[in-house]
Structure formats: C-alpha cells, structure tokens
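Start counting the sequence shown at 1; every next residue gets the next number (the UniProt record's numbering). We put the beta carbon where it would ideally sit given N, CA and C, even for glycine.
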Amino acid sequence: MGPQNQTLQAKTDAVLPCQAHGDPMPTIQWLRNGRPLQMNNPRLMLLGTGSLKISDLHFSDTATYTCRAVSETGETIWSASLVVPSPEATNVQYHRAPQQNQLPGAPSQPEISSVTDTTVHLSWRPSIHKGGSPLYEFIVEYFSPQSGNGWVTAADDISLESYTVRKLKPNRNYIFLVRARNAHGISPPSPLSRMVETQGRRGSAIFTQEEIEQRLRGIVVNLLQGEASGPSAIKVSWQVMKGHSAIDGFKIKYRRSKHNSEIHTITVQDPTATSYLIENLYSQTWYEICIRAYGGKVFSQCSNPIKVHTNEGAPAAAPENIVIHWLSDSSMSVRWSPPPRPYRYGDINGYVIRCYGEDRKDNCSLATNSSVRRVIIERLNPSTTYMLQIAAVTNKGTGTWSQKFYMVPEKPSIMRQPWFIGMLIGTIGGTVWIALCIVSIWLCRKKHTQKKLMEQSGMYSTPLQKQEEQARGGSSDEDDDDDNHDDGGDDDEDNDNDNDHDDDDANANTIINDELAKSTKAVHLLEL
Numbered sequence: 001m002g003p004q005n006q007t008l009q010a011k012t013d014a015v016l017p018c019q020a021h022g023d024p025m026p027t028i029q030w031l032r033n034g035r036p037l038q039m040n041n042p043r044l045m046l047l048g049t050g051s052l053k054i055s056d057l058h059f060s061d062t063a064t065y066t067c068r069a070v071s072e073t074g075e076t077i078w079s080a081s082l083v084v085p086s087p088e089a090t091n092v093q094y095h096r097a098p099q100q101n102q103l104p105g106a107p108s109q110p111e112i113s114s115v116t117d118t119t120v121h122l123s124w125r126p127s128i129h130k131g132g133s134p135l136y137e138f139i140v141e142y143f144s145p146q147s148g149n150g151w152v153t154a155a156d157d158i159s160l161e162s163y164t165v166r167k168l169k170p171n172r173n174y175i176f177l178v179r180a181r182n183a184h185g186i187s188p189p190s191p192l193s194r195m196v197e198t199q200g201r202r203g204s205a206i207f208t209q210e211e212i213e214q215r216l217r218g219i220v221v222n223l224l225q226g227e228a229s230g231p232s233a234i235k236v237s238w239q240v241m242k243g244h245s246a247i248d249g250f251k252i253k254y255r256r257s258k259h260n261s262e263i264h265t266i267t268v269q270d271p272t273a274t275s276y277l278i279e280n281l282y283s284q285t286w287y288e289i290c291i292r293a294y295g296g297k298v299f300s301q302c303s304n305p306i307k308v309h310t311n312e313g314a315p316a317a318a319p320e321n322i323v324i325h326w327l328s329d330s331s332m333s334v335r336w337s338p339p340p341r342p343y344r345y346g347d348i349n350g351y352v353i354r355c356y357g358e359d360r361k362d363n364c365s366l367a368t369n370s371s372v373r374r375v376i377i378e379r380l381n382p383s384t385t386y387m388l389q390i391a392a393v394t395n396k397g398t399g400t401w402s403q404k405f406y407m408v409p410e411k412p413s414i415m416r417q418p419w420f421i422g423m424l425i426g427t428i429g430g431t432v433w434i435a436l437c438i439v440s441i442w443l444c445r446k447k448h449t450q451k452k453l454m455e456q457s458g459m460y461s462t463p464l465q466k467q468e469e470q471a472r473g474g475s476s477d478e479d480d481d482d483d484n485h486d487d488g489g490d491d492d493e494d495n496d497n498d499n500d501h502d503d504d505d506a507n508a509n510t511i512i513n514d515e516l517a518k519s520t521k522a523v524h525l526l527e528l
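The structure is reproduced here in structure tokens:
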C-alpha cells in the first residue's frame, strides 16, 4: 500500500502511508524528488508500518515522495505528490488522503485458468467492502524473480473481474496481485497468486506448413458443453482430440440465434486451455457457439455447435439522461431514460427513486412501473437539501444506482415578491401618465403656434363680407351718392355690426392669450 496525492494546509500534519509484506520482509525507504530523504529533520518520523509522518507542514515540503520496498528478490516503488500552498494562495481546494474505511477492500486471490508461453489469464472476486463509493476499475500487477524489475503494472483500467496478462517471457516464473479502485482511492493488494511458469516455445513454430495442415485436418476440437454464468456470460469447455503439438490456440465463434446476426470471434492464445468464459453478452438470449484450433495460419474445422441461453439478472447500469430541476420551492421534476440495452439483463419492471433530505430526516423515496419516465415529487421542505438516486428493477432485483444528485433549495426570486410587483406596476403607470401629459401639452402648443402664424399671414385680419363691400364702394361717386341717399339707414346698421365683430375678435384673442399663458406656465412647472 503506497502514498496518495494530497494538498494540505501549512502548519498541519501529513501522513504518507506505505506498507509492504513479503518473505523475506522488505525494508522501506523514502525518496524526495527522486533522492533519499534525510530523516535528521525533527519534523520527519518513520512510523512502524513504514508510513512517513511530516509534522508542522511548511511550503518547502511540497514535493513528490516515493515509497520504495526492497528485498532480496527485488524492489517496488510507489509515488505521490504532497502540495502545501503558500499563505498568499487563494481559492485552494485542500485534499487529504482518505480514511481506510473509505477505500475498497482488497480483492480475492487471483486464480490462474490458462498459461501460454507469453500470456496468463487471471480472474478474481471483489471485496464485499466497497468503501465510500462504488468500484469502477481494477489494477493488475505482476512480478518475476528472474527479471529484477520489481512489480510491474500490467493494466490499471480493467472494468471486468478477469484479465489476460500478455507480453510475458517464456519459461519464466510470475506471481500476480490485484487492487480495486473507487472514487476515494486504491485498495490494499489482494493476496498473491500462486507462482506460475510460462510455457516454452511450441506449436506451429516447430512444424512446416504441410505438417500443420496434416495434423489439423478435419474436426480437431470437441465442444463438450456450455452453461450460462450469470446474465451476461457463458462458460464453454472443450476437448482436443488430435494435433496437440501443432496447436497455437483456439478461435471461439459465437452469435445470437437470430437470422443474419453478427458473428463474434474470441482468440484464446493458450494451446493447453480447455475452457473459456465468454462475457459481455445480452441477457435472456440464445447463443450459438463453436470452436476450432489454429496453428500458424492453418485452421481446423469448427466443432459441433451448441446453443446456450443466458440468464436474467439485475441491471448492471443505471438509468441514463437524468434531469432534475425545481418546479417550485416545494416540488421538483425528475426525468430519466432506461439503462443501455446490453446492461439491462432482463425486462425492466420499474424504477426506484431514492430521495432523502439532510440527515435522512425527510424521506421522499418512491417507486414507479416501467412505463413511467418522469415523476414530480411534492411536499418538500423549501429549506432542505435533498439527495436523489435512480435505479432500474427487473425480476432479479434492483440494479446499479445512478450517481448522487444533490438538489439545493433555490433562493426566492425578487421578481416574484409582491412588493416588487406593486412597485413595478406603479413605476410603469406613472411613466405612462407623465408621457401622456407631455404629449398633450405639446399638441396644445403646436395648435396655438399654427393659429398665430395664420393670423400673422392675414387670413383672419379682415372678414370676407367686409372686403366685398369695400370693393363695391369704390366703383363711382354717383353710386356713392345714391347709396348714401337711399341706404343711409343700412350703413348705420352695418357699422354697428362691424363694431360687434371687432369686439368678438378681441374677446377671442384675449381667451387664446390666457390659455397660452396657462400652457406655458404648465410646461415651465413640468421642466422644473
């Protein structure tokens, strides 16, 4: 078990774990940035397990630390970084190594099922202790006493519970171990596998093309049986009837028992293998399987085919496309899609939604049938944060849970507050009223200006009737005398009427001037 990356605050303590086991017992050495760590610093302490403790952290303690376990048979190393930010640093996310109970438990001892000159096939079981988060991959390491290279990582991203280690050396001894990984870190190593020796060179390399064809002619392999191993795997076993020495390996062909379905091929590079586990299959599905041997580029005929039906199981994947959002301060909407079809492992009967408030005080969990893909959860506490997960259900049980979703209550929007709505309506109404007043005043001033311009142009200076009489009055003196003699009374009456019209015009002008003065005063007040 080795150290893990950490980011810690100054003036605190750091523990870098390191444990090693073996026969003989290995010794632990620590390196700092690739150089031996000087233990004369009083802040450094080597614990009994081999772990390193650094007290009263300083910014200068930032470095890469390496744990090296050394024995007579070889050595292995494990490195991790320790970061101590400077006091001036801001927005730092500190991260301490997880507690032991948050890490997954060690897997079971690896079992070796087949060995060739360059490959070894391993299988194992995960621990029942998953730690603080689900497992998502495994790490396989191997060690050979003849190589002197220490422990070598064969793969660190294995999603299955089996793996074939390749590119090994012929006629060498190997031992293997497995580690599990979750979101918090890496588990302790599994128990060591038994030591196994890879085979020497054999097969097609020692025969000519004609000799291989002679030995692999006809049906060479008898497919004995196939049985379902869970919802997504089938284990097949076979027997080689002839041509053992010319065989380099086997080709397993399988397909779903449907018309024109795709044929898949698996290569087993162990000429001594007699069984194999076919994985990543569809649940509740019939498969047709056959096997044939090969040596070099020569293939035997395919064996007798068999049909095997996979079982039903709980879904191995969580529902997809999960969308959760608040509808109000007391209700939320949850929507999802079914798990990917290859991982359903049966017919989906329904879904389970795990819903809890803080400290599990509020339980809003519920279950639905398979046709429901959206629910509304109501009667929620507006001040509580809720955790939600979703899983699909088959006849075999509840499947893999989705990731956790944390729904934090929304802060009330100012747009929904009654006082804000009233203020907004009042502001808009007042603005509209002021605009109407301005438009009305502008129209009055415009009308008055137009009328004043018309008066100045003479359109209202002399009445039309009066202009016609003046035109007739200038025709001749004789007519004037007659008119004066005959119509003297009429002239007096006309003069009286003219005086009345002049008085009316004067009164009208006075009224207009008064209104104009009022409008000008109103505009002046508005501008103030």
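Cα-Cα separation between residue i and residue j, rounded to whole angstroms
i	j	result
residue 265	residue 291	9 Å
residue 337	residue 159	23 Å
residue 314	residue 78	38 Å
residue 370	residue 346	12 Å
residue 18	residue 12	20 Å
residue 398	residue 134	15 Å
residue 303	residue 219	6 Å
residue 85	residue 360	36 Å
residue 10	residue 58	5 Å
residue 462	residue 428	At residue 462, the pLDDT of 49 sits below 50, so the modelled position is not reliable and the matter cannot be decided from this model.
residue 182	residue 96	16 Å
residue 129	residue 156	20 Å
residue 101	residue 423	57 Å
residue 243	residue 250	12 Å
residue 152	residue 144	9 Å
residue 247	residue 271	6 Å
residue 167	residue 123	18 Å
residue 432	residue 439	11 Å
Contact with chain D by residue i, beta-carbon distance below 8 Å
i	result
residue 265	Among the chains in the structure shown there is no chain D, since it carries only a single protein chain.
8 Å CB neighbourhood of residue i in its chain, flanking five on each side removed
i	result
residue 405	322, 324, 387, 388 and 389
residue 217	300
residue 383	409
Selected residue, minimal CA-CA separation from residue i, among the options
i	options	result
residue 93	14, 6 and 289	6
residue 340	354, 320, 326 and 120	320
residue 154	165, 357, 145 and 161	165
residue 195	289, 167, 440 and 113	113
residue 142	227, 453 and 177	177
residue 234	211, 270, 221 and 280	280
residue 189	103, 271 and 317	103
residue 16	80, 449, 421 and 238	80
residue 126	120, 117 and 140	140
residue 372	248, 348 and 106	348
residue 355	403, 56 and 446	403
residue 316	119, 253, 392 and 262	392
residue 239	60, 443, 171 and 221	221
residue 318	287, 350 and 328	350
residue 105	185, 353 and 192	185
7 Å Cβ shell around residue i - same chain, five flanking residues per side excluded
i	result
residue 70	26, 27 and 29
residue 530	Since the first and last residues shown for the chain are 1 and 528, residue 530 lies out of range.
residue 75	68, 69 and 150
residue 312	231, 283, 284, 345, 346, 394, 395 and 396
residue 72	24
residue 20	26, 28, 50 and 69
residue 46	39 and 52
residue 502	Residue confidence is low: residue 502 scores 49 on pLDDT, short of 50, so the model does not pin down where it sits. No coordinate-derived value is stated.
residue 358	384 and 385
residue 331	376, 377, 378 and 380
residue 237	224, 225, 274 and 275
Limits of the alpha helix (DSSP H) - the one that residue i falls within
i	result
residue 279	Taken as a continuous stretch (DSSP letters only), residue 279 belongs to no alpha helix (DSSP H), as it is neither H nor E.
Cut-off 6 Å between Cβ atoms - residues of its own chain near residue i, not counting five sequence neighbours on either side
i	result
residue 285	256 and 310
residue 48	none
residue 22	71
Terminal residues of the beta strand (DSSP E) in which residue i lies
i	result
residue 584	Outside the displayed range of the chain (1 to 528) lies residue 584, so it cannot be described from this structure.
residue 212	Careful: residue 212 lies outside any beta strand (DSSP E), inside the alpha helix (DSSP H) at 209 to 215.
residue 326	320 to 328
residue 122	120 to 123
residue 348	Residue 348 -> no beta strand (DSSP E), and no H or E assigned at all.
residue 288	286 to 295
residue 402	No beta strand (DSSP E) contains residue 402, which DSSP labels as neither H nor E.
residue 157	152 to 158
residue 138	135 to 143
Near the ligand SAH: residue i beta-carbon under 7 Å from a heavy atom
i	result
residue 97	The ligand SAH is absent from the structure shown, which contains no ligand whatsoever.
Any 3 or more C-beta pairs closer than 8 Å across the region 357 to 370 and the region 293 to 300: Touching, no.
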